[in-house]
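Residue numbers (this note's numbering): 580 to 768.
We put the CB at the ideal spot given by N, CA and C, even for glycine.
Here is the structure we will look at, set down as structure tokens.
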């Protein structure tokens, strides 16, 4: 098992606000992703649960280089790039599989067409959709937790759908596919 906190501490200082936001959010996402992965294993579906936990802990590592003061990040890059930045950071450590999770967890993934239509600063525009079960479960678990309001706990499926609705029908369709695949997190409690 990777020492994810040591990796995070290469870029974040323990005790700082951005560190607290990242680690709390990542732990929430990891706990849910692992529980969802275990549900799949219990149904006989193979999934790398150790990797799921590691990837969930590292999925937002790139946020430190973005300009997102609401979550204590004072970098220069647009927040939409935090996944791509995280991939570069993790690829630089040889963690290529973990990097793919970073790059593909934003929203319910992004298509090249969506990147172009929205004028997102992702160059070159390309499909950044979660493909493996591990990528999908981290992406899905991430949708239920807010970095800016970590104390509110997990959102419901309906509340999550409402927050994703502004991104259009394709985003919602991908979310609904994940709901069908992984089930309702509220049923785990």
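Looking only at its own chain, which residues have a Cβ that is under 8 angstroms from the Cβ of residue i, when we skip the five neighbours before and after it?
| i | result |
| --- | --- |
| residue 733 | 607, 611, 723, 724, 764 and 765 |
| residue 646 | 652, 653, 654, 655, 656, 657 and 658 |
| residue 717 | 608, 612, 631, 634, 635, 638, 680, 684 and 709 |
| residue 701 | 659, 660, 663, 689, 694 and 707 |
| residue 735 | 765 |
| residue 715 | 709, 757, 760 and 761 |
What is the rounded straight-line gap between the Cα of residue i and the Cα of residue j?
| i | j | result |
| --- | --- | --- |
| residue 621 | residue 582 | 26 angstroms |
| residue 758 | residue 629 | 22 angstroms |
| residue 748 | residue 580 | 38 angstroms |
| residue 623 | residue 721 | 24 angstroms |
| residue 669 | residue 588 | 13 angstroms |
With residue i as the anchor, note down where its alpha helix (DSSP H) starts and where it stops.
| i | result |
| --- | --- |
| residue 640 | Segment: none, residue 640 is in no alpha helix (DSSP H) and carries neither H nor E. |
| residue 605 | 596 to 621 |
| residue 752 | 748 to 761 |
| residue 661 | 661 to 670 |
| residue 585 | 583 to 587 |
So if DSSP puts residue i in a beta bridge, which residue, or which two residues, is it bridged to?
| i | result |
| --- | --- |
| residue 646 | 653 |
| residue 678 | DSSP, once it has assigned bridges, lists no residue as partnering residue 678. |
Can you check whether the CB of residue j is closer than 8 angstroms to the CB of residue i?
| i | j | result |
| --- | --- | --- |
| residue 586 | residue 637 | yes |
| residue 727 | residue 649 | yes |
Output needed for residue i: all residues of its chain with C-beta closer than 7 angstroms, excluding positions within five of it in sequence on either side, in chain order.
| i | result |
| --- | --- |
| residue 596 | 651 |
| residue 740 | 751 and 754 |
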